[in-house]
Amino acid sequence: MNFIWMLFPTQIDKFWDIAKKGAVVIMSLGRVRVLEALWRLPATRLSASTVCPTVCRPLSSAGARSGPTSPDPQEQAGQVQQRPAKNTSKAMMAYLERATKHEEFMRKQVHEFEIGKRHLANMMGEDPEHFTQEDVDRAIEYLFPTGIFDKKARPKMRHPTEVFPQQKAAQFDATGRPFHTLFYTLKPNFYMTLYELVEKMNQLDRLQAKNDALGKLPDTTQKLSLLGSEWLDIEELGKMLVETLKEPQYQEFVRAMNRLVEHPLAYHHKDFIFKYRKMLRVSNETDTVPELLFDSAGRPYMEATGYRKRAVARAVVHGRGSGRVTVNGLPLVHYFHRDGGRSGNQDVAQVMYPLQVAGVLDSVDVEATVQYDGPTQRYHGKRRRGHRKRTSFVPEPWKRPHPVQAPSSQAGAVRHAVSLALRSFVDKEMQETMRLAGLLTRDVRERERYKPGKKGSRKGRTWKKR
Amino acid sequence: MLPRCRLTRLCWLGLRPMSAAAAPEPAPSVFRTSVSDPREHSRSDLGRLYTVDREDHRRLFQVTGLRKSLSAQARTFCELALMVRQPALNVLDSLRASDPSRPSLRFLLYGPYGGGKSTTVAHVLHWAAASGWLLVHFPEADRWGLRFREVTASASDPQAVDHPVDAALWLAHFRAQNAARLAELDLRTGETYTWSRREATEAGSPLTDLVELGVTRGKHASQCVLALLAELKAHASAGRCRLLMAVEKVNAFWCDSTARREDGSTVKFGDMTVIRAAEQLLRPDWSGGAVLTTIAPVRGGPEGSHLPRHQLGADGWRALEPFVPIRVDDMSRAETYTMIDYFLERRWLQAPAAATERGKQELFFRSGGNPGKLAEICSMY
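Chains as they are written, first to last, in the numbering used here: chain A, 579 to 1044; chain B, 1040 to 1420.
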């Protein structure tokens, strides 16, 4: 028998010639096209080699055309050639033991979870039969109130499959024969997926050929829309298949899936495609943009609250305006009169940003009230003797009529409030533009705490060599 | 006692109450007015810029008198362009209509910082000079007590304080503004002033002698100012001249200065000879002229509201009341666009976006219509 080690799909022609002569082919791992070629071979050409165990399991004549099927030992036991029982090595025994133990463990956990759920339902006075996971969460939150900030650290009660990482069950039987056809690829589930993908591609090609012959066109109304979803990323896919994937493998997968999706008849396999797609999280806020209110004069207006650090701002935006913005009763420029210096009064620019993006600089009026609700701001910069700040429009501190506490957080809060209120005035497209501009997101950055041994949150004490 | 109601007070002082209606604002593209004589400015020139004649500019503001930012802008643009705004026209209307035989009107300009109070004063000074009035102009009253060059104890009154250098400089400024008119009017001193055993200015000598003496002899400069203003007050009351006194940051007069006497006591503004000289004209006991004052935040002054009562304090209020309060507010949208057009024409604003409607909207928003803020923003990019 001749053995050929196939490394590159470009050698497929050579492979055909020699395979026809009755050779056994040891396929290279990981090439979809080689697999493809392999399954086109008539089954009789492949014989179970007793020489090398890395050969694929031979196909039965019945299942030849359809290619490898999901492993089902009971089904194929009769069809497969009987192999002599081998002594299973210690490693194999240990592996089998681990796998069965895990299965046992999981079964026990699931059982305990179900019992626990029923107990919990009884405790809460609810019907154990119709106790959903949401009810469980609510019950746990009630019974174990916690102030822990990190949501992941809070007590929770979930199904064991969510809690414990999935492990594969025993992959081979006591004789050492693997259950999965593609076991020796080391990532059987992944390559199974790829195989199915190729199968579907071929099926669609055949369907298209048939349709072309009949003069039928693909149904455009059912065209797949991938908007609002994206492929599972490498970790998620790995979790789903219970296999660790490498980057090149994942890229291969995405490329192949994209090719499938591009097929005009891809909608036939919508379920398969969407099994590997995750829906993008739709923000709650864009769904619930409030309708405009109208005051007694018939003028449209909207109120909103915005936050930034410890500042809270409440903005009322009136339509049919002329671009007047007042903050706490003062005109914007006079309220945020911090010495701009080079920044050119960043606070006013921050409040201007949403109005600028929405293009309503001269058509709305804004009345905002803002309050800083945090510790007194102290000067943290370095004071230098004789250093004079660049003179600017704003008079010196002793000339200022009132100190504005933490102006940048107040400006940020006003900006957030104005942005949220402006949503009601603009169309969906502009709302999306504002969202992409970052105007609707509450900036969660807060001041980092001081740590002992440091000067502040990060700055260390003076380091002396000796 | 003057009536407390403003309307009645105005009537008592011989003025018609002014209507609040403003003229329709001109189209933004026509931002200049060709009328450069302030005597001919009217409501049709509102919101437009007029160019101050070079000679007038040199005469009135050569030594001092304009805000640093405005004089720098005039230097850069090779011209001094002032916007004709409602507050200035209000003052001019009142001055034109005022009766020289009645007690002098006192105006107080107030408003947000950078709003155009000093520029209004400059406009009114230009009008007064063109109309033949004599000008007594104190550009920054707080400088006498805060950023003075030198103070000395006064010879006549040990508690009083003189400014040898600053008073001499001020007299030079007075001379530049009024030389021609003084020569025309040929006003004479009414009494003899003895400066020392050897020096004296006889009664009947021209006022220019007083000025010259003060400019050359710093030691007597403050006393010269005192004498000069007393003489001018008398001449104006006698109807021989019309006199406009303009004091900017007048609220400083009732504050503490940073000067200290040898014993460590604080010198108040009211102890300074030059300030006392100006205070003579602040009193309502003279006629034939007007007083134009401005209030602005000063160091050592009260913090808080920018409104006159708070900034003047009880003493200042008592001294200045009754006055005509005139609010100088931030510019309207049209006026701001005019200013932007001017900057574009002068090639000061170079970005193409500044000429677009959107760009102008942004500049108006960022500055809030405040002229000082607009100038600052436009100078940054």
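Quick reminder that beta carbons are idealized off the backbone N, C-alpha and C, glycines included.
Since we're looking at a predicted model, the values are computed, not measured.
Same chain only: Cβ atoms within 7 angstroms of residue i, ignoring 5 sequence neighbours per side
| i | result |
| --- | --- |
| B/Glu-1118 | Thr-1090 |
| B/Pro-1178 | Thr-1103, Gly-1104, Glu-1287 |
| B/Gly-1407 | Asp-1369 |
| A/Met-770 | Leu-760 |
Where the alpha helix (DSSP H) through residue i begins and ends
| i | result |
| --- | --- |
| A/Gln-744 | Counting along the chain, A/Gln-744 falls outside any alpha helix (DSSP H), and DSSP gives it neither H nor E. |
| B/Val-1163 | 1156-1169 |
| A/Leu-772 | 766-792 |
| B/Ala-1127 | 1125-1136 |
| B/Asp-1380 | 1372-1384 |
| A/Tyr-885 | Where A/Tyr-885 is concerned, there is no enclosing alpha helix (DSSP H), although the beta strand (DSSP E) it sits in stretches over 878-886. |
| A/Thr-1019 | From DSSP, A/Thr-1019 is part of no alpha helix (DSSP H); its letter is neither H nor E. |
| A/Leu-933 | 924-936 |
| A/Thr-1011 | 1006-1014 |
With 16 other Cβ atoms within 10 Å as the buried cut-off, status of residue i
| i | result |
| --- | --- |
| B/Asp-1369 | buried |
| A/Gln-827 | buried |
| B/Glu-1401 | buried |
| A/Lys-765 | buried |
| A/Leu-804 | exposed |
| B/Arg-1315 | buried |
| B/Gly-1340 | buried |
| A/Ala-791 | exposed |
| B/Lys-1156 | buried |
| B/Lys-1107 | exposed |
| A/Leu-721 | exposed |
| B/Cys-1417 | buried |
Close-in-space but distant-in-sequence residues of the same chain around residue i (CB under 8 angstroms, 5 per side omitted)
| i | result |
| --- | --- |
| A/Gln-934 | none |
| A/Arg-1027 | Ser-1035 |
| A/Met-532 | The structure shown does not extend to residue 532 of chain A, since chain A spans only 579 to 1044, so no value can be given for it. |
| B/Ser-1140 | Gly-1278, Ser-1326, Gly-1327 |
| B/Ala-1239 | Thr-1231, Tyr-1232, Thr-1233 |
| A/Leu-785 | Leu-843, His-846 |
| B/His-1349 | Pro-1341, Gly-1343 |
| B/Val-1123 | Thr-1072, His-1080, Asp-1084, Leu-1085, Gly-1086, Arg-1087, Leu-1088, Tyr-1089, His-1162 |
Anticipated Cβ contact below 8 angstroms, residue i with residue j, distance rounded
| i | j | result |
| --- | --- | --- |
| A/Val-948 | A/Val-905 | 6 angstroms |
| A/Asp-713 | A/Glu-704 | 6 angstroms |
| B/Leu-1099 | B/Ala-1192 | Not confirmed; about 33 angstroms, so no contact. |
| A/Phe-914 | A/Pro-985 | 6 angstroms |
| A/Arg-877 | A/Arg-898 | 5 angstroms |
| B/Ser-1175 | B/Arg-1188 | Contrary to the premise, residue 1175 of chain B reads as Val rather than Ser in this sequence. Their Cβ separation, rounded to whole angstroms, is 21 angstroms, which puts B/Val-1175 and B/Arg-1188 out of contact at 8 angstroms. |
| A/Ser-900 | A/Met-857 | Incorrect: roughly 43 angstroms between the Cβ atoms, too far for contact. |
| B/Ala-1421 | B/Ala-1180 | The shown model of chain B, from 1040 to 1420, leaves out residue 1421 of chain B, and the question about it has no answer. |
| B/Gly-1243 | B/Arg-1220 | About 20 angstroms; that fails the 8 angstroms criterion. |
| B/Gly-1153 | B/Gly-1411 | 2 angstroms |
| A/Ser-987 | A/Arg-886 | 5 angstroms |
| A/Ala-844 | A/Leu-775 | With a Cβ gap of about 11 angstroms, A/Ala-844 and A/Leu-775 do not count as contacting. |
| A/His-912 | B/Pro-1151 | 6 angstroms |
| B/Ala-1215 | B/Gln-1125 | Not confirmed; about 29 angstroms, so no contact. |
Same chain only: Cβ atoms within 6 angstroms of residue i, ignoring 5 sequence neighbours per side
| i | result |
| --- | --- |
| B/Phe-1403 | Arg-1372, Thr-1375 |
| B/Trp-1172 | Arg-1281, Leu-1283 |
| B/Ala-1206 | Ala-1260, Ser-1261, Val-1264, Val-1313 |
| A/Gly-816 | Thr-822, Leu-823 |
| B/Glu-1241 | Thr-1231 |
| A/Ala-946 | Ala-891, Ala-893, Val-905, Val-992 |
| A/Pro-1030 | none |
| A/Pro-796 | Pro-842, Leu-843 |
Cutoff 9 angstroms: residue i Cβ touching any chain D Cβ
| i | result |
| --- | --- |
| A/Ala-731 | Within the model displayed, chain D is absent; protein chains A and B are what it includes. |
Limits of the unbroken beta strand (DSSP E) element including residue i
| i | result |
| --- | --- |
| A/Ser-807 | 807-809 |
| A/His-896 | 889-896 |
| B/Ile-1365 | 1363-1366 |
| B/Ala-1222 | No beta strand (DSSP E) holds B/Ala-1222; the alpha helix (DSSP H) holding it covers 1203-1224. |
| A/Gln-949 | 943-950 |
| B/Asp-1302 | Neither: B/Asp-1302 is in no beta strand (DSSP E) and is coded neither H nor E. |
- Message: If the cut-off is 7 angstroms on Cβ atoms, which residues from the stretch 896-915 of chain A count as contacting chain B, listed in chain order?
- Response: Gly-901, Pro-909, Leu-910, Val-911, His-912
Original post:
Listed in chain order, which residues of the stretch 1398-1414 of chain B have Cβ atoms closer than 9 angstroms to some Cβ of chain A?
Top reply: Gln-1400, Glu-1401, Phe-1403, Phe-1404, Arg-1405, Ser-1406, Gly-1407, Gly-1408, Asn-1409, Gly-1411, Lys-1412, Ala-1414
task = Compile a chain-ordered list of the residues in the stretch 1117-1151 of chain B whose CB is closer than 7 angstroms to at least one CB of chain A.
result = Pro-1151
Notebook entry, point to check: Mind listing which residues of the stretch 924-943 of chain A have their C-beta closer than 7 angstroms to chain B's C-betas, in chain order?
Noted result: Val-926, Ala-927, Met-930, Gln-934, Leu-939, Asp-940
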